[in-house]
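Peer 1: Let me give you the structure first, and then I'll get to my questions.
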Amino acid sequence: MLQDFMGTQLKVALLFLFFYSVLSKQIQLSSTLEHKALLDLRSSLGIRARNWPRKSDPCTNWTGIHCNNGKVVAIKLTGLRRSHQGSLSPKFAVDSLANFTHLTSFNSSGFILSGPIPEWFGQKLAQLKELDLSSSSILGSLPPSLGSLSSLDFLSLSNNSITGTVPTELGTLSSLRVLNLSGNSLTGSIPSSFSDIQNLTFLDLSSNFLSGPIPVEFGSFLSLKLLNLSNNSLSSYIPAQIANLSQLVELDLGYNYLSGSLPEDLSRLRNLSKFLVGNNELEGALPSTLFSSNLSALEYINLSGNRFEGEIPNVLWSLSHLRILDISGNNFTGVISNITYFNATGASYNLSNNLFFGNVTFDVRSFQSIDLSNNYFQGLAPGKSGIQVMHNCFTGSVNQRSSEDCSKFYADRGLVFVNGRSQIPVQRASRRGQKRLLILVGVFGGVGVLMLLALASLLFLKICHRGTSNQRGISNVSPVVEGGNNQAPAMFSGDISGSIESFTYEQILQATSYFNETNLIKNGHTGDIFRGILEGGVTVVIKKVNVLHVEKETYKLELDLLNWTTHHRLVPFLGHCLEHENEKFLVYKYMPNGDLFNLLCRDTDLEDENGQSLDWITRLKIATGAAEGLVYLHHECNPPLVHRDVQASSILLDDKFEVRLGSLSDVCAQEGDNHSLITKFFRTPKNPEEDTAGSSLTSCTNDVYCFGKVLLELVTGKVGVSHSDDASTKEWLDRLLPFISIREKELVAKIVDPSLILHEDLLEEMWAVAIVAKACLHPRPSRRPEMRRVLKALENPFNVVREGSFNSRRLRNTSSRLSWNAAFLGGWHHSSQDSTNAIGQTSKEGMNLKQSGRVGSHSHSSGNEHSSSCKRSSSEIFPEPQETLDIERQDTS
């Protein structure tokens, strides 16, 4: 028995050794040539030893290396970090890839490979099935040799700086299923040869500069599920052949120059979930058969910003899965009598800026928001939050059209406007009695209007202009979409239910452990901020407002703003507790990464304890997100809203470093705008409070100035600049600004945060952002760029500093199509000699740009042809915008 047992054990052991040896051969790298190639790649890319340790087997111990039968089959650089030396000059140095004869996948998504794709890529990597170079800072044009990768199944080159035209040779990639070239600077037309890629399921060419028509050959993509051609310069009509794409789930053609009408045949797209054609030049009526029962899967429709007209087909309201509908900014007309069509929980509908009319009633079922503003609806205005009805003909609501305007609109259509004052009956009275009654109504009505305006103005001035008590709050406004009513802003309605949850005082106490000091985040000027945990484990932020110590109406006004706005760049508002007499509580979504101020205060070393660092890509992402929030307040709200507390501590960050603007208790309507009757009748005092930037604290230009200081914090790492306006901060700015010049990129290297890893392209982006910051800090408020221009610059930083792309058609949505430099540096008249003298003087005095006195020590030869070779002033090369010159003359007159 023992012998049999031992024999069995021996057989098992031998079998185990056999399989282990076979498996080891498969896993362990067996090719000496490939081992050397990996070491060469490790050296040329500067991969850290921790990720690719030299003395261990690459197949088993190197991060991102995968082998099969002892051969390297996949290399994934995503998530890897370079050594300090490698980070100084990251290049597209991957020549050793040519030695991997079995390589089927190469993924460098998010890993910087500055430079063009080598021509040999398509010649020596013919076995590749997956090539992902997205977000890798790739430059140059696409080599036609990529068309030789006949086995390629997945190709993503998105979010780079690739220029030139799209090679027609890509049409030979017959095995390709996914093609993503979005977020680049590609020009020219879309090759019709793409139609030969019959297996394509995903095609994204969005956010480029592609022009010309959509190829009719695209109708042959019978397996295509996503087609995104948005944010280009495509023209002509939408081909009816698109209707052949029976598997299509998402179609996005927005932000182009497409014209003509919508093809009726699109109703054959049975699987379509998203249909986006907003912001084009489409026109005509919607075909009655377009949104037939065949399109029952539709969840998102965007027809906004076109020239559509006529009535909306009734079948549109019967789409059972519809969640988001945006038909704003057209010429649609007709009666929509009952909003019971909007029956989808959590849905959002935008019908604003059209010609809809008639009596309308509202369903009590739950939805996220409905925007009916800028139409001609009549009837009793709804009191439910989430419904925007400004600039209509409703009764019982402010911010409506005049009776004369409404009466004329209805009369032109042969209808009677029943809400007008002229319809008030005065019966059973003599003519003399009627006349007396009318006089009395006129007198007392006029007095009443004046009294209401006086009370409203006192509240407005009390809140929007900080006096000696230094109490600040948001103005009593309900922001509406730009282009809406130009009358007085709406007062706080008091109805703050809707989708906002009402918490009990006991819930607030339990969430904060009875306001235990360990949960205190900070003491804000309008209330103490606590971390709380709701029942169920949800972490929130709770603001405790003591109405005995702050303006009593402040929390109500903040609620008004948060109740009307749901923009994704504002801090999400979850609920409130108002039952306590002296203390009110506002509940917000918790932001895991805190605010920008605390994040910059952390050690930004690459080896921090969380494995994360505030690298430049993250900083630029934060800057862009904050700019989006301010663009919403300045340009999408009517009247324009001023944040008034733009600083690093007001920029909150979620777990993905997405920005949510906080400190909203300071927001108020822009002083002196022509959208408010209050600002017409009650002018601002002659000496309004001003900040160090010389602009009123209730002006959008003040926000721009403060945002410029935030940008400098991100570039230099100097913490607290945006929080302070003292003499030392001003002195610091005076010493720093001469280092920011459109002609001298190398100077920026002397002021950037030393903890940042510099290489040529990142330095160029920092240079561009510094230039934008300098423009925001212009001493004359009228010369600062609008926030929407600032956002455009941050989204395309290379356009700020690279010659030849200033007049891109992508600027068509800005107020003019002038050059970036005219918009950003036209007012800074510093000659080369002046800048040199200032820098020389500053260097002699010993510049202290960081708290610790650190100044970036890395020196780089730019190689940039747009730097010091320029001898003329910026105003000669980039003439200043005419409207800016006009403002300049007004300022000096």
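Numbering-wise, the sequence shown is residues -24 to -1, 1 to 869 according to mature numbering (1 follows the signal peptide of the UniProt record, and there is no 0).
Cβ coordinates follow ideal geometry from the N, Cα and C atoms, glycine included.
What's the call for V394, buried or exposed, on a 16-neighbour Cβ count within 10 Å?
Peer 2: Exposed is the call here.
Peer 1: Using the three-state DSSP reduction, which class does G116 fall into: helix, strand or coil?
Peer 2: Reduced to three states, the DSSP call for G116 is coil.
Peer 1: Could you give the residue range of the beta strand (DSSP E) that holds H42?
Peer 2: Taken as a continuous stretch (DSSP letters only), the beta strand (DSSP E) holding H42 covers 41 to 44.
Peer 1: Exposed or buried, which one is Y681 when buried takes at least 16 other CB atoms within 10 Å?
Peer 2: That one is buried.
Peer 1: How many Å lie between Q486 and S63 at the Cα?
Peer 2: When rounded, the distance between both Cα atoms is 49 Å.
Peer 1: R18: which of T36, T54, Q4, R58 sits nearest, CA to CA?
Peer 2: Per the Cα distances, R58.
Peer 1: Relative to the C-alpha of P34, which residue among A50, R377, F97, L5 is closest?
Peer 2: If we check each option's Cα against that of P34, L5 comes out closest.
Peer 1: Please determine, among R299, L723, A273, S304, the residue with the shortest C-alpha to C-alpha distance to I288.
Peer 2: Out of R299, L723, A273, S304, S304 has the C-alpha closest to the C-alpha of I288.
Peer 1: In chain order, which continuous runs of the alpha helix (DSSP H) of length 4 or greater are located wholly inside the region 478 to 564?
Peer 2: Correct list: 481 to 487, 530 to 540.
Peer 1: For Q223, which three-state DSSP category applies?
Peer 2: It is coil, neither helix nor strand.
Peer 1: Pull up the distance between the alpha-carbon of V457 and that of N614, whole angstroms please.
Peer 2: Any answer about V457 is weak, because its pLDDT of 36 lies below 50 and its placement is not dependable; what the coordinates show is given next. Taking the straight line from one Cα to the other gives about 6 Å.
Peer 1: Provide the residue span of the beta strand (DSSP E) that contains S132, from first to last.
Peer 2: S132 -> beta strand (DSSP E) spans 130 to 132.
Peer 1: Kindly list the residues whose CB is nearer than 6 Å to the CB of N326, restricted to its own chain and excluding five residues on each side of it in sequence; keep chain order.
Peer 2: Within the same chain, N326 has close Cβ partners D302, S304, D347.
Peer 1: What span of residues does the alpha helix (DSSP H) with N574 cover, start to end?
Peer 2: It spans 572 to 577 - the alpha helix (DSSP H) in which N574 sits, taken as one unbroken run.
Peer 1: Using CA atoms only, rank isn't needed, just tell me which of S249, D228, L266 is closest to N256.
Peer 2: Closest by alpha carbon: D228.
Peer 1: F370: which of F87, F194, N306, G355 sits nearest, CA to CA?
Peer 2: Measuring from the Cα of F370, the nearest candidate turns out to be G355.
Peer 1: Quick one: is E689 buried, meaning 16 or more other Cβ sit within 10 Å of its Cβ, or exposed?
Peer 2: With 16 or more Cβ atoms within 10 Å of its Cβ, E689 is classed as buried.
Peer 1: Taking Cβ positions, are L128 and S158 nearer each other than 8 Å?
Peer 2: Contact flag unset, no.
Peer 1: Let me confirm a value: P714 is counted as buried when at least 16 other C-beta atoms fall within 10 Å, else exposed. Which label applies?
Peer 2: By the 10 Å Cβ count, P714 comes out buried.
Peer 1: Is DSSP giving G372 helix, strand or coil here?
Peer 2: G372: coil per DSSP, three-state reduction.
Peer 1: How about the region 627 to 639 and the region 596 to 609: do they share at least three Cβ pairs that are nearer than 8 Å?
Peer 2: With the cut-off at 8 Å, the region 627 to 639 and the region 596 to 609 touch.
Peer 1: May I have the straight-line CA-CA distance separating N319 from L242, to the nearest angstrom?
Peer 2: Bear in mind that the predicted position of N319 carries a pLDDT of just 47, short of 50, making it too unreliable to give a figure here.
Peer 1: Let's test the definition: count the other Cβ atoms within 10 Å of the Cβ of E821 and tell me whether it reaches 16, buried, or not, exposed.
Peer 2: For E821, the predicted structure reports a pLDDT of 36, less than 50, and the residue's modelled location is therefore unreliable. The matter cannot be settled from this model.
Peer 1: What are the boundary residues of the alpha helix (DSSP H) that includes V776?
Peer 2: Taken as a continuous stretch (DSSP letters only), the alpha helix (DSSP H) holding V776 covers 773 to 777.
Peer 1: From the DSSP output, in three-state form, read off I288 for me.
Peer 2: DSSP places I288 in coil when its eight states are reduced to three.
Peer 1: Are L89 and S112 close, meaning C-beta to C-beta below 8 Å?
Peer 2: The answer is yes: Cβ separation under 8 Å.
Peer 1: When you compare the CB positions of S161 and T139, do they come within less than 8 Å of one another, or not?
Peer 2: For S161 and T139, yes; Cβs fall inside 8 Å.
Peer 1: Between the C-alpha atoms of L628 and T177, what's the straight-line distance to the nearest angstrom?
Peer 2: Approximately 38 Å between the Cα atoms of the pair.
Peer 1: Look at the alpha carbon of F332 and the alpha carbon of I598, and state the distance between them as a whole number of angstroms.
Peer 2: Rounded to the nearest angstrom, the two C-alpha atoms are 40 Å apart.
Peer 1: Would you report the Cα separation of G449 and L734, rounded to the nearest angstrom?
Peer 2: Residue placement at G449 is flagged as unreliable, the pLDDT there being 34, under the threshold of 50; the coordinate-derived value follows with that caveat. About 42 Å.
Peer 1: For the alpha helix (DSSP H) that R377 lies in, which residues bound it at each end?
Peer 2: Neither: R377 is in no alpha helix (DSSP H) and is coded neither H nor E.
Peer 1: Measuring only the C-alpha atoms, how far is N247 from S199?
Peer 2: Roughly 12 Å separates the two Cα atoms.
Peer 1: So what's R636 in DSSP terms, helix, strand or just coil?
Peer 2: Strand.
Peer 1: Which word fits V402, buried or exposed, when buried means at least 16 other C-beta atoms lie within 10 angstroms of its C-beta?
Peer 2: For V402, the pLDDT reaches just 33, beneath the cut-off of 50, and the residue's location in the model is therefore unreliable, leaving the point undetermined.
Peer 1: Would you mind sorting L538 into buried or exposed? The rule is 16 or more other CB atoms within 10 Å of its CB.
Peer 2: Classification of L538: buried, given that the 10 Å Cβ count is 16 or more.
Peer 1: Give a yes or no on whether the C-beta atoms belonging to D108 and S72 are separated by under 8 Å.
Peer 2: Going by C-beta atoms, D108 is not nearer than 8 Å to S72.
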